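Enquirer: Letter by letter, the sequence shown follows residues 1 to 172 in this note's numbering.
Heads up, the beta-carbon is just placed ideally off N, CA and C, and yes, glycines get one too.
On a predicted model such as this, the values are computed, not experimentally measured, just so you know.
Pasting a structure here, questions to come.
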Amino acid sequence: MKKLLILTFAVFAFAACAKESSKQQPSPAPAAQETAAVYTLPAVNGGEAFVLKKTGADKPVLVASMAGFCGFCKRMIPYIDELAGKYKGKNVDVIIAFVDQKSDELKNLEPVKTVKNVKVYYNGSQFAQDNGVSGFPTMLFINNKTGETQKWVGFDPGYVDVMSAEIDKALK
């Protein structure tokens, strides 16, 4: 009985440490599918839809998967907007893809109204589901040259530096 109790405690301790360390480091996203996945995301404020190709695209893309009800997402939007501004005019796409099915409420969100650099889209639930998004915000960087995908989950302004480093590496 004592051994079972110790074993149970060890399993819980290991799980807690693994969960905490996942907040610190980017984790690999699920492997890319054999066939190219294509998602058409409509723009929140009208305009041209974004065609997101999971594989076979001509440039890397950072997708911040968010939900309109998520407070942490709203707090992360300015950081993603700032990151997008750093790469404006470069061969990379930085976008926000809300999982929400309609744009009506999204365009009235204060953080969305104030973005200057990042393009905001909606109806990205299938992309999120296909890429293992289980919490918001989730940022996915797809390096189409290497096929590698990096994933960061949760609100952490420190992710911006790590994401920027991944983008810089992909642009070399």
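Spatial neighbours of residue 59 within its chain, please: C-beta separation below 7 angstroms, excluding the five flanking residues on both sides.
Expert: Here the set comprises 91, 92, 93, 144.
Enquirer: Assess, as a yes-or-no matter, whether the segment 37-50 is touched by the segment 116-126 under the definition of 3 or more beta carbon pairs within less than 8 angstroms.
Expert: The segment 116-126, when compared against the segment 37-50, does touch it at the 8 angstroms Cβ threshold.
Enquirer: Does the segment 105-118 come into contact with the segment 127-134, if we say contact requires no fewer than three beta-carbon pairs (one atom in each stretch) closer than 8 angstroms?
Expert: Touching, no, given that fewer than three Cβ pairs across the two stretches are closer than 8 angstroms.
Enquirer: In this structure, what does DSSP give as the bridge partners for residue 148?
Expert: DSSP output for residue 148 lists 143 as bridge partner(s).
Enquirer: In this structure, how does DSSP classify residue 87 when only helix, strand and coil are distinguished?
Expert: Note: residue 87 maps to coil in three-state DSSP.
Enquirer: From the DSSP output, read off the bridge partner residues of residue 95.
Expert: DSSP, once it has assigned bridges, lists 63, 119 as partnering residue 95.
Enquirer: Residue 113 by DSSP, collapsed to three states: which one?
Expert: Three-state result, residue 113: helix.
Enquirer: Between the segment 73-81 and the segment 148-164, do three or more beta carbon pairs fall short of 8 angstroms?
Expert: These segments touch.
Enquirer: For residue 178, which residues in the same chain have their Cβ closer than 6 angstroms to its Cβ, ignoring the five residues on either side in sequence?
Expert: One cannot answer for residue 178 here, as it falls past the ends of the chain, which runs 1 to 172.
Enquirer: In chain order, what residues of the same chain lie with their CB nearer than 6 angstroms to the CB of residue 84, ignoring the 5 residues before and after it?
Expert: Answer for residue 84: 94, 117, 118, listed in chain order.
Enquirer: Cα separation between residue 168 and residue 112?
Expert: Cα to Cα, residue 168 sits roughly 26 angstroms from residue 112.
Enquirer: Just reading off the beta strand (DSSP E) that residue 160 is part of, what are its end residues?
Expert: First-last for residue 160: 159-171, but that is the alpha helix (DSSP H), not the beta strand (DSSP E).
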